[in-house]
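One line per chain: the protein sequences are D and B, in this order. Letter by letter, the first sequence follows residues 1 to 246 in our numbering. Letter by letter, the second sequence follows residues 1 to 233 in our numbering. One structure is given here, and the rest of the page talks about it.
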Amino acid sequence: MTTPALTPRRADWLVALAAITMLAGALLMGLIFFYAPTEATMGVVQKIFYIHVPSAIAGYLGFILCCAASVWYLLRGDVRADVVARAAAEVGVLFCLGVLLTGPIWARKAWGTWWTGEPRLLLTLVLLLIFVAYILVRQFGGRSDLTRKICAVLAILGVADIPLIRYSVERWRGSHPQVITGEGAGITPEMQLVLTTSFITFALLFVTLLALRVRIGLAEEQADAAWRAVETADLRAEDLLDRSHP
Amino acid sequence: MTNVTAPRPGFWRLLLLLLRKDITVELRTREVLHTAGLFALVLMTLFSFAGFADRELAATTAPGVLWVAIAFLGALVFTRTFQRERENRAMDGLLLVPGILDALYTSKLLTNLLLLLTLQALLVPTLLLVFPLPVQPPILPLVALLLAGTLGLCALGTVLSAALAAVRMREVLLPLLLYPLAIPLLIAGVKGSATLFDPLAHAGHGDWLSLMIAFDALFLVLGRWLFGEAVDA
Numbered sequence: 001m002t003t004p005a006l007t008p009r010r011a012d013w014l015v016a017l018a019a020i021t022m023l024a025g026a027l028l029m030g031l032i033f034f035y036a037p038t039e040a041t042m043g044v045v046q047k048i049f050y051i052h053v054p055s056a057i058a059g060y061l062g063f064i065l066c067c068a069a070s071v072w073y074l075l076r077g078d079v080r081a082d083v084v085a086r087a088a089a090e091v092g093v094l095f096c097l098g099v100l101l102t103g104p105i106w107a108r109k110a111w112g113t114w115w116t117g118e119p120r121l122l123l124t125l126v127l128l129l130i131f132v133a134y135i136l137v138r139q140f141g142g143r144s145d146l147t148r149k150i151c152a153v154l155a156i157l158g159v160a161d162i163p164l165i166r167y168s169v170e171r172w173r174g175s176h177p178q179v180i181t182g183e184g185a186g187i188t189p190e191m192q193l194v195l196t197t198s199f200i201t202f203a204l205l206f207v208t209l210l211a212l213r214v215r216i217g218l219a220e221e222q223a224d225a226a227w228r229a230v231e232t233a234d235l236r237a238e239d240l241l242d243r244s245h246p
Numbered sequence: 001m002t003n004v005t006a007p008r009p010g011f012w013r014l015l016l017l018l019l020r021k022d023i024t025v026e027l028r029t030r031e032v033l034h035t036a037g038l039f040a041l042v043l044m045t046l047f048s049f050a051g052f053a054d055r056e057l058a059a060t061t062a063p064g065v066l067w068v069a070i071a072f073l074g075a076l077v078f079t080r081t082f083q084r085e086r087e088n089r090a091m092d093g094l095l096l097v098p099g100i101l102d103a104l105y106t107s108k109l110l111t112n113l114l115l116l117l118t119l120q121a122l123l124v125p126t127l128l129l130v131f132p133l134p135v136q137p138p139i140l141p142l143v144a145l146l147l148a149g150t151l152g153l154c155a156l157g158t159v160l161s162a163a164l165a166a167v168r169m170r171e172v173l174l175p176l177l178l179y180p181l182a183i184p185l186l187i188a189g190v191k192g193s194a195t196l197f198d199p200l201a202h203a204g205h206g207d208w209l210s211l212m213i214a215f216d217a218l219f220l221v222l223g224r225w226l227f228g229e230a231v232d233a
């Protein structure tokens, strides 16, 4: 195992990134509540989609990044790739939760029900379940090389399953999948501006959270490596003492 | 390097040896077949008490009950097959054999498949007995669905249980991972067998069968690759 290089104690770029993300978030909230027009049929509830849609994309991005980093880890054995995979999975689950919390609020108004068997909904739920289980394995497996490999295996299986899950939940309802597109239809230029801002904000948020989590992960790896070094040094010292004083 | 004088055992020889070992252990102890078989009967009894086996509901609930039961039995079988190898670190010995991975994966897959199919030979007749179906389902399509579905479940279950064998809480974690990943298979199984159980359901178990076969192919290939990674750690 290679010990990852020491991370700098302070990362000014990360502080700057976090600050920009915060400002962008404030700007986005302002735009959503005071600038974006209220949609004619859906009313104010429609505005949730500025949070919902970018969250969904960020969530999926997290899972796909987790899978890619896992493949890299299995091929190269680079611990940093494993740290990225773990961070991406956790950030993905966070955004995915956001999707599944905001979705029902919108659906209650749009479809008259909190929950339906709509394919995208089911796919997101199943992916969330898979990656929450992934995090559980991380938690119970500790930070051994075996756990890293197991989790890489799980991430690859999960993402490879996406097309099949998508296809099966689409056909689950019968041979005519109901594709309900309440979103995307009839977007005014003002709405488009808010949506673009929201995509940029969520991209910033994604990168900030991921970078933070990766830094924590690398620090954890270093702490582990330091601990192991102390333990081996201890054992060696004991060994030497035993030899000098029989 | 020293020359290896003994001939390397080939894939088929290793596979036969491993399969014979697993089957002999199972036949001597019957630990999976007896416990999981009884579990299948208990499940069927439970579902009949839960009201799923009512005359009006039987045709629509039987497919779901069938595949949920198969999924439950799968988790029982899969945890057991690798548990045996972890006890007394038998796995370490097995992995010393050069070029064993292919044979090991295939033998575990076949053992799982064999056990699960044997259990289904008990489960399916019991289900048909408990649930009063309006029609007798055609045998061949049903067997095809069961075979394709079980193969996919085993492909996934073999690699998952191999990966989780050394993890704490594996008995809980295996189903937590197995079931969401197997959802395409379970949906295909439920919808496919529903077309066979209910005369009113529209035909077309063929589509579901092809979905299962696609799942089987994907997870057999991925499973073999990832099995090597998970076991060799």
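The beta carbon of each residue, even a glycine, is placed where N, CA and C say it ideally should be.
Could you tell me whether the Cβ of residue i comes closer than 8 Å to any Cβ of chain D?
| i | result |
| --- | --- |
| residue 108 of chain B | no |
| residue 169 of chain B | yes |
| residue 215 of chain B | yes |
| residue 173 of chain B | yes |
| residue 104 of chain B | no |
| residue 155 of chain B | no |
| residue 188 of chain B | yes |
| residue 70 of chain B | no |
| residue 65 of chain B | no |
| residue 159 of chain B | yes |
| residue 180 of chain B | yes |
| residue 229 of chain B | yes |
| residue 222 of chain B | yes |
| residue 121 of chain B | no |
| residue 184 of chain B | yes |
| residue 62 of chain B | no |
For residue i, count neighbouring Cβ atoms within 10 angstroms of its own Cβ and tell me buried if that reaches 16, exposed if not.
| i | result |
| --- | --- |
| residue 176 of chain D | Here residue 176 of chain D scores only 41 on pLDDT, less than 50, and its place in the model should not be relied on; the value that follows carries that caveat. Classification of residue 176 of chain D: exposed, given that the 10 Å Cβ count is below 16. |
| residue 10 of chain D | exposed |
| residue 46 of chain D | buried |
| residue 112 of chain B | buried |
| residue 88 of chain D | buried |
| residue 31 of chain B | exposed |
| residue 28 of chain D | buried |
| residue 227 of chain D | exposed |
| residue 186 of chain B | buried |
| residue 205 of chain B | buried |
Who does residue i pair with in a DSSP beta bridge?
| i | result |
| --- | --- |
| residue 238 of chain D | Note: residue 238 of chain D sits in no beta bridge, so no partner. |
| residue 39 of chain D | D:43 |
Given this structure, state the Cα-to-Cα distance separating residue i from residue j, to the nearest angstrom.
| i | j | result |
| --- | --- | --- |
| residue 108 of chain D | residue 128 of chain D | 21 Å |
| residue 94 of chain B | residue 106 of chain B | 14 Å |
| residue 170 of chain B | residue 38 of chain D | 50 Å |
| residue 188 of chain D | residue 196 of chain D | 12 Å |
| residue 115 of chain B | residue 145 of chain B | 17 Å |
| residue 123 of chain D | residue 65 of chain D | 18 Å |
| residue 165 of chain D | residue 240 of chain D | 59 Å |
| residue 113 of chain D | residue 121 of chain D | 13 Å |
| residue 151 of chain B | residue 117 of chain B | 9 Å |
| residue 121 of chain B | residue 230 of chain D | 57 Å |
| residue 219 of chain B | residue 123 of chain B | 25 Å |
| residue 223 of chain D | residue 232 of chain D | 14 Å |
| residue 172 of chain D | residue 225 of chain B | 30 Å |
| residue 159 of chain D | residue 70 of chain D | 11 Å |
| residue 77 of chain B | residue 217 of chain B | 21 Å |
| residue 44 of chain B | residue 188 of chain B | 21 Å |
| residue 99 of chain D | residue 205 of chain D | 15 Å |
| residue 214 of chain D | residue 53 of chain D | 25 Å |
| residue 221 of chain B | residue 34 of chain D | 53 Å |
| residue 91 of chain B | residue 139 of chain D | 24 Å |
With 8 Å as the threshold, decide whether the Cβ of residue i is near any Cβ in chain B.
| i | result |
| --- | --- |
| residue 129 of chain D | yes |
| residue 137 of chain D | yes |
| residue 60 of chain D | no |
| residue 228 of chain D | no |
| residue 172 of chain D | yes |
| residue 100 of chain D | no |
| residue 25 of chain D | no |
| residue 97 of chain D | no |
Please name the residue, chosen from the options, that lies closest to residue i on a Cα-to-Cα basis.
| i | options | result |
| --- | --- | --- |
| residue 41 of chain D | D:93, D:79, D:85, D:106 | D:106 |
| residue 170 of chain D | D:25, D:206, D:130, D:118 | D:118 |
| residue 16 of chain B | B:224, B:163, B:110 | B:110 |
| residue 173 of chain B | D:15, D:154, D:160 | D:154 |
| residue 220 of chain D | D:44, D:36, D:83, D:19 | D:83 |
| residue 156 of chain B | B:175, B:142, B:138, B:167 | B:175 |
| residue 126 of chain D | B:211, B:178, B:73 | B:178 |
| residue 41 of chain B | B:119, B:61, B:25, B:11 | B:119 |
| residue 31 of chain D | D:146, D:245, D:193 | D:193 |
| residue 90 of chain D | D:115, D:61, D:75, D:242 | D:61 |
| residue 202 of chain D | D:12, D:33, D:92 | D:92 |
Is residue i a contact residue of the ligand SAH, with contact defined as CB to any heavy atom under 7 Å?
| i | result |
| --- | --- |
| residue 98 of chain D | As presented, the structure is devoid of all ligands, the ligand SAH included, so that no description of it is given. |
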